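Novice:
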């Protein structure tokens, strides 16, 4: 069974620090990797996509992908209280047009 | 980014009622999905569609049904609502089949009394 694993948290980070979120996946042929942010009671919002090994930066967010080790991470620089949310990792399964979802990591940014 | 709409946003209904949750997208996406999510819990895929007249059940067993008569419309129906159906229902669509980057609607929070 294809799986995506995330630490459920909560991960508590001081305001202004770097928050580091990690995700591992089991399907070696996965090609697309996504980070979604979900505020309590709201729907998931796509914040980062990454498709090749290395780093991808977008503002305060950096996604890192290592296919050999089968992990993808999300770094949030200069963390703000508004970053407090649950972050979902999702991986595209090549066998069909479905995403495999992690259970999410709850991030708390403390002022 | 997809424009995807769900109605109603909130619904409180009695046991035994038939309900339909609406989902529409304006981007012409072929692939659409319904997820169920309880508070603080993970997403579960309950239905998906790869195009008109294509519907499949997802990983989570659900008593709901779906239809896809038009590309932009993917409604979900519960013939007889029960308290166990109380949950948040999220609709999503994807613009690019090779990457499967999914975009979500705002969700419908259903409470069955």
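Protein chains in written order, with the working numbering: chain V, 1 to 111; chain P, 1001 to 1113. A virtual CB, placed ideally from N, CA and C, is assigned to each residue, including glycine. Just so we're clear, the structure is a prediction, and the values are computed from it rather than from any experiment.
Please classify residue 14(V): does DSSP put it in a helix, a strand, or coil?
Specialist: In the structure shown, residue 14(V) sits in a strand (DSSP, three-state: E or B).
Novice: Between residue 39(V) and residue 83(V), what straight-line distance do the alpha-carbon atoms span, to the nearest angstrom?
Specialist: In a straight line, the C-alpha of residue 39(V) is about 9 Å away from that of residue 83(V).
Novice: Helix, strand or coil for residue 40(V) per DSSP?
Specialist: It is coil, neither helix nor strand.
Novice: Kindly list the residues whose CB is nearer than 7 Å to the CB of residue 1095(P), restricted to its own chain and excluding five residues on each side of it in sequence; keep chain order.
Specialist: For residue 1095(P), where only same-chain residues beyond five positions count, the Cβ hits under 7 Å are 1002, 1027, 1029, 1101.
Novice: Given a cut-off of 8 Å on the beta-carbon distance, is the pair residue 6(V) and residue 23(V) in contact?
Specialist: Yes. Within cutoff.
Novice: What is the rounded straight-line gap between the Cα of residue 44(V) and the Cα of residue 88(V)?
Specialist: Going from the Cα of residue 44(V) to the Cα of residue 88(V) covers about 8 Å.
Novice: In chain order, which beta strand (DSSP E) runs of at least 3 residues are fully inside the region 1028 to 1061 of chain P?
Specialist: You should have 1031 to 1037, 1044 to 1051, 1054 to 1057.
Novice: Return the first residue and the last residue of the beta strand (DSSP E) that residue 47(V) is part of.
Specialist: That run of the beta strand (DSSP E) goes 45 to 50.
Novice: For residue 1048(P) and chain V, any beta-carbon pair shorter than 8 Å?
Specialist: Judged by the 8 Å Cβ criterion, residue 1048(P) is in contact with chain V.
Novice: Using the C-alpha atoms, what's the distance from residue 108(V) back to residue 79(V)?
Specialist: The alpha-carbon atoms of residue 79(V) and residue 108(V) are separated by roughly 10 Å.
Novice: With 16 as the cutoff for other CB atoms within 10 Å, does residue 28(V) come out buried or exposed?
Specialist: By the 10 Å Cβ count, residue 28(V) comes out exposed.
Novice: Is DSSP giving residue 55(V) helix, strand or coil here?
Specialist: Here residue 55(V) sits in strand by DSSP.
Novice: According to DSSP, simplified to helix, strand and coil, what is residue 1067(P)?
Specialist: Correct three-state label for residue 1067(P): coil.
Novice: Which residues, in chain order, does the region 1096 to 1108 of chain P contribute to contact with chain V at a C-beta distance below 7 Å?
Specialist: Cβ contacts with chain V come from 1097, 1099, 1100, 1101, 1102, 1103, 1104, 1105, 1106, 1107.
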